[in-house]
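Asker: So that we are looking at the same thing, I have put the structure below in structure tokens.
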Amino acid sequence: MTCSRYSEQLSDYFAGNLAEPARSEIAAHLTGCADCTAQLREIETILALLQTRKAPAAPADLAARLHVRLADEPMPAKPSVALAWRSMLTGAVAASLIMFGTWAFLRTQAPLPTIQTAAVTVATPVAVNIGFDVREDVENVTYTIDLPHGLQFVDADNQPLEAQSITWQGSLKRGKTVVPITVRGIQPGRYEILATVRKNQFAQTTKIVLPVHGKQGVRPGGSAANG
Amino acid sequence: MAQSLEQQALLKRARAGDKAAFERLIAPGLNRFFGLAYQMMGNSEDAADVMQDAMIKAYRSIGSFRQEADFNTWLGRIVRNTALDELKRAVRKHEEATEILPEIVGPGLEGKAEQAELQQIMGAAISTLSDKLRDPLIMYDIEGYSYDEIADLLEINLGTVKSRLNRARETLRAQLKTQLSKLSGYLPDGFKAK
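Same order as they appear, the protein sequences are chains R and A.
Position 68 (the first sequence) corresponds to 67 in numbering that gives the first Met the number 0; numbering is contiguous.
Position 62 (the second sequence) corresponds to 61 in numbering that gives the first Met the number 0; numbering is contiguous.
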């Protein structure tokens with residue numbers, strides 16, 4: 000084996016990671032090769048110097064600081080919710096949310112949580128799939144999606160729509176009905192999208208919190224902004 | 000890798016919104032991944048911010064964690080990605096004069112001026128490495144992660160971990176060649192690499 004082949008293994012040799020017979024071969028080579036021996040000493044020095052850069056222990060109050068931040072967090076999204084951090088669609092981040100209705104004459108569940116989505120970048124369209132889970136078919140319901148100032152609906156060509164609220168008639172099918180909308184943030188902030196389904200005198204509204212980061216990384220403020 | 004029974008129980012409770020369970024779940028990784036964040040961000044305060052942001056992201060997306068994966072690996076990836084996002088977002092000055100030097104932890108090092116010079120030289124050399132060479136180096140040679148942990152966290156195979164490590168060390172050795180004898184003089188007698 001030539002010196003160049005040995006030199007590739009010197010780090011592993013020094014760390015004791017080489018099995019036999021490679022280890023014995025290198026040891027034997029080192030006894031007669033000043034260049035490789037010098038290289039081994041240099042590697043040893045590099046590794047020793049790197050160890051002087053080991054990080055200090057985490058600050059003693061890190062867990063406490065995290066505890067305080069967690070206290071403000073709503074419940075995490077349920078396992079059936081898929082939230083993609085990386086864009087899989089051209090120019091958009093997909094966020095799928097499932098919400099559960101709590102009408103007395105339909106499925107009865109615990110009060111709806113506020114659903115927190117992953118943060119998106121300003122001007123980046125985000126697809127939000129709002130799901131409704133009902134126990135039986137419901138005809139003639141009115142859907143309303145209200146956006147606060149700072150968010151806007153976009154159409155299939157990524158063109159903004161003027162309306163801040165859209166309403167339409169539809170139905171709910173037993174099981175899950177998914178309503179897709181596409182929105183984008185026009186300035187950094189923390190926004191609440193309100194999704195309401197009405198049937199006669201019954202209505203259920205759920206909030207979807209959408210944080211929007213600026214392109215320079217401006218983080219949203221702590222309070223919700225609602226139009 | 001499957002979770003332990005205790006982890007599985009904590010995971011179930013954390014998914015249901017039990018924050019205390021989530022805090023217990025992440026506790027073993029806090030110090031370990033703080034080290035990774037520290038190496039990437041260069042100082043304790045930024046590393047602490049990255050850790051908090053990463054843990055909040057982990058809490059929010061815990062519903063999407065797949066049980067068959069390893070929880071700590073998943074957490075480590077979130078920490079690393081959060082640090083990378085922060086590095087891309089922030090405006091960084093590259094002048095050496097503005098670099099915040101890491102605290103010295105090597106035993107028995109004498110002389111503040113020598114310590115500062117040592118760390119500046121090493122820091123400058125490490126910063127010239129590409130991300131793909133630097134990350135295995137800081138994880139293995141500085142923070143003590145195993146090959147397997149590095150492979151899982153960086154989603155590369157073991158052979159690639161070793162080859163990048165070797166290349167990173169060789170790059171440093173070549174860069175520091177003329178200064179190694181001087182640098183080794185800063186180390187106390189008997190101070191050896193692991």
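Ideal Cβ placement from N, Cα and C applies to all residues, glycine included.
None of the values given here were measured: they were computed from a predicted structure.
Would you mind working out which of R:192, R:196 and R:182 sits nearest residue 169 of chain R, comparing C-alpha positions?
Answerer: R:196
Asker: DSSP three-state label for residue 175 of chain A, please.
Answerer: Helix, per DSSP.
Asker: Using a Cβ-Cβ cutoff of less than 7 Å, which residues in the same chain neighbour residue 120 of chain R once the five nearest sequence positions on both sides are dropped?
Answerer: 212 and 214
Asker: So which of R:139, R:50 and R:143 has the shortest CA-CA distance to residue 206 of chain R?
Answerer: R:143
Asker: Tell me, to the nearest whole angstrom, how far the beta carbon of residue 193 of chain R is from that of residue 145 of chain R; I am working on the premise that it is less than 8 Å.
Answerer: About 4 Å separates the two Cβ atoms, so the contact holds.
Asker: Is the Cβ of residue 193 of chain R closer than 8 Å to any Cβ of chain A?
Answerer: no
Asker: Terminal residues of the continuous alpha helix (DSSP H) containing residue 195 of chain A?
Answerer: Lying outside 0 to 193, the shown extent of chain A, residue 195 of chain A is not represented and no answer is given.
Asker: Residue 68 of chain R: which of A:33, A:7 and A:54 sits nearest, CA to CA?
Answerer: A:54
Asker: Please report whether the beta-carbon of residue 22 of chain A lies at a distance below 8 Å from any beta-carbon of chain R.
Answerer: yes
Asker: Would you mind stating whether residue 168 of chain A and residue 45 of chain R have Cβ atoms separated by less than 8 Å?
Answerer: yes
Asker: Keeping to the same chain, check which residues put their C-beta closer than 7 Å to that of residue 154 of chain R; ignore five residues upstream and five downstream.
Answerer: 160
Asker: To the nearest whole angstrom, what separates the beta carbons of residue 79 of chain A and residue 35 of chain A, a pair I think is in contact under 8 Å?
Answerer: 6 Å
Asker: In three-state DSSP terms, what is residue 148 of chain R?
Answerer: coil
Asker: Is residue 132 of chain R near residue 172 of chain R, with beta carbons less than 8 Å apart?
Answerer: no
Asker: Terminal residues of the continuous beta strand (DSSP E) containing residue 34 of chain A?
Answerer: Taken as a continuous stretch (DSSP letters only), residue 34 of chain A belongs to no beta strand (DSSP E), being part of the alpha helix (DSSP H) at 18 to 40.
Asker: Go to residue 145 of chain A, then tell me how far its alpha helix (DSSP H) extends in each direction, as first and last residue.
Answerer: Premise fails: residue 145 of chain A is in no alpha helix (DSSP H) and is neither H nor E.
Asker: State buried or exposed for residue 85 of chain R, treating a residue as buried only when at least 16 other CB atoms are found within 10 Å of its CB.
Answerer: Residue confidence is low: residue 85 of chain R scores 26 on pLDDT, short of 50, so the model does not pin down where it sits. Its coordinate-derived value is still stated next. With fewer than 16 other Cβ atoms within 10 Å, it is exposed.
Asker: Could you tell me whether any Cβ in chain A is nearer than 8 Å to the Cβ of residue 52 of chain R?
Answerer: yes
Asker: In terms of residues, what are the limits of the alpha helix (DSSP H) holding residue 236 of chain R?
Answerer: This structure gives no information on residue 236 of chain R, because the portion of chain R shown stretches from 0 to 226.
Asker: Just the Cα atoms here: how many angstroms apart are residue 199 of chain R and residue 176 of chain R?
Answerer: 19 Å
Asker: Using a Cβ-Cβ cut-off of 8 Å, state whether residue 124 of chain R counts as contacting chain A.
Answerer: no
Asker: Can you tell me which of the three DSSP states residue 160 of chain R falls into?
Answerer: coil
Asker: Alpha carbon to alpha carbon, what distance is there between residue 116 of chain A and residue 17 of chain R?
Answerer: Rounded to the nearest angstrom, the two C-alpha atoms are 34 Å apart.
Asker: Note the first and the last residue of the continuous alpha helix (DSSP H) segment covering residue 11 of chain A.
Answerer: 4 to 14
Asker: Would you mind telling me which residues of chain R sit closer than 7 Å to residue 43 of chain A, beta carbon to beta carbon, in chain order?
Answerer: 55 and 58
Asker: Please list, in chain order, the chain R residues whose beta carbon lies closer than 7 Å to that of residue 134 of chain A.
Answerer: Taking the beta carbon of residue 134 of chain A as reference, no residue of chain R falls within 7 Å; the closest one sits roughly 13 Å away.
Asker: Could you have a look at residue 73 of chain R and say whether DSSP puts it in helix, strand or coil?
Answerer: coil
Asker: Hey, out of A:38, A:66, A:73 and A:163, whose CA is closest to residue 57 of chain A's CA?
Answerer: A:73
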